[in-house]
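Protein chains in written order, with the numbering used here: chain A, 1 to 111; chain B, 112 to 223.
Built from N, CA and C at the ideal position, the CB exists for glycine as well.
I have placed the structure first, in the form of structure tokens, so that the comments after it can refer back to it.
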Amino acid sequence: SQTIHQWPATLVQPVGSPLSLECTVEGTSNPNLYWYRQAAGRGLQLLFYSVGIGQISSEVPQNLSASRPQDRQFILSSKKLLLSDSGFYLCAWISGGYGYTFGSGTRLTVV
Amino acid sequence: QKEVEQDPGPLSVPEGAIVSLNCTYSNSAFQYFMWYRQYSRKGPELLMYTYSSGNKEDGRFTAQVDKSSKYISLFIRDSQPSDSATYLCAMSLSGNTGKLIFGQGTTLQVKP
């Protein structure tokens, strides 16, 4: 079966610290992968998407970066976190052409 | 103007009521329309998916698309307390590779 794993579930980080969030999918090959952020009371904002290894497209200028070192691995990073980076981060992939399947999300609080 | 507009609510209804959730959009090129349900502190899960105007039914849920009016709806019949969640509409220009544009989400509470 096809599954998506995302960790950690919760993270509290100080301003200026680095960030690394990991997402992996199982049961499929060459998926399109996406990172979204959901701020409190707001919809989902697309941050990055990837159609293959090493291929990253950025949707909005920001303090974050993404990498895809392996076919089924998608990483979201930051060198120095800002308060405004707080939010709920969601990884997703396209499943059989019927919309996204989302991971369980990481709630990041920058203090 | 946002590409997708959705009333954030909150919407509170008694158990058994019919719920109507709506989104409007501005880009007539959108072809695929989805509804997601998101429970608190969880990732969204896909409820309904459609790519044509008209109605699509799945159990207590009916998705309606009116491309001429650029308006989509989700109806929930015989609403249950377990339906209490945030409902997000989403749409894309293409099917299996396209980026999704989401509405803000409507928070629904079904009271027993």
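#1: Quick one: what's got a C-beta closer than 6 angstroms to residue 28 (chain A)'s C-beta in the same chain, skipping five residues either side?
#2: Where residue 30 (chain A) and residue 101 (chain A) are concerned, what is the direct C-alpha to C-alpha distance, given to the nearest angstrom?
#3: Is the Cβ of residue 145 (chain B) closer than 8 angstroms to any Cβ of chain A?
#4: Could you compute how far the alpha carbon of residue 172 (chain B) sits from the alpha carbon of residue 133 (chain B)?
#5: Kindly list, in the order they appear in chain A, the residues whose Cβ is closer than 9 angstroms to that of residue 153 (chain B).
#6: Any C-beta of chain A sitting closer than 8 angstroms to the C-beta of residue 157 (chain B)?
#7: If you pair each beta-carbon of the region 80 to 95 of chain A with each one of the region 169 to 189 of chain B, do three or more pairs fall below 8 angstroms?
#8: Between residue 77 (chain A) and residue 19 (chain A), is the Cβ-Cβ spacing less than 8 angstroms?
#9: So if I threshold CB-CB distances at 9 angstroms, which residues from the region 42 to 54 of chain A count as touching chain B?
#10: What's the gap between the Cα of residue 75 (chain A) and the Cα of residue 127 (chain B)?
#11: For a contact meaning CB atoms closer than 8 angstroms, what does residue 214 (chain B) contact in chain D?
#12: If you count every other CB in all the chains shown that lies within 10 Å of the CB of residue 174 (chain B), and 16 or more means buried, which is it?
#13: Per the DSSP calculation, residue 59 (chain A) is bridged to which residue(s)?
#14: Express the C-alpha separation of residue 218 (chain B) and residue 196 (chain B) in angstroms, rounding to a whole number.
#15: Can you give me the Cβ contacts of residue 156 (chain B) inside the same chain, cut-off strictly under 6 angstroms, excluding the 5 residues immediately before and after it?
#16: Going by C-alpha distance, which of B:141, B:200 and B:121 is nearest residue 220 (chain B)?
#17: Restricting to runs no shorter than 3 residues, where is the beta strand (DSSP E) found entirely within the region 15 to 99 of chain A?
In short:
#1: Same-chain partners within the cutoff: 2.
#2: One alpha carbon belongs to residue 30 (chain A), the other to residue 101 (chain A), and they sit about 15 angstroms apart.
#3: Yes, because at least one Cβ of chain A sits closer than 8 angstroms to the Cβ of residue 145 (chain B).
#4: Each residue's Cα considered, the two are about 13 angstroms apart.
#5: Ordered by position in chain A, the residues that pass the 9 angstroms Cβ test against residue 153 (chain B) are 102, 104 and 105.
#6: Yes - at least one Cβ of chain A is within 8 angstroms of the one on residue 157 (chain B).
#7: In the pairwise beta carbon analysis, the region 80 to 95 of chain A is classified as not touching the region 169 to 189 of chain B: fewer than three pairs are separated by under 8 angstroms.
#8: A contact, by the Cβ cut-off of 8 angstroms.
#9: Cβ contacts with chain B come from 42, 43, 44, 45, 46, 49 and 51.
#10: A straight-line Cα-Cα distance of about 43 angstroms links residue 75 (chain A) and residue 127 (chain B).
#11: Annotation note: the requested chain D is absent from the structure, which comprises protein chains A and B.
#12: With 16 or more Cβ atoms within 10 Å of its Cβ, residue 174 (chain B) is classed as buried.
#13: When beta bridges are read from the DSSP output, residue 59 (chain A) appears opposite no residue.
#14: One alpha carbon belongs to residue 196 (chain B), the other to residue 218 (chain B), and they sit about 6 angstroms apart.
#15: Closer than 6 angstroms at Cβ, skipping near neighbours: 148.
#16: For the residues B:141, B:200 and B:121, the minimum Cα distance to residue 220 (chain B) belongs to B:121.
#17: Listed in chain order, the complete beta strand (DSSP E) runs (minimum 3 residues) inside the region 15 to 99 of chain A are 19 to 26, 33 to 38, 44 to 52, 55 to 58, 65 to 70, 73 to 78 and 87 to 94.
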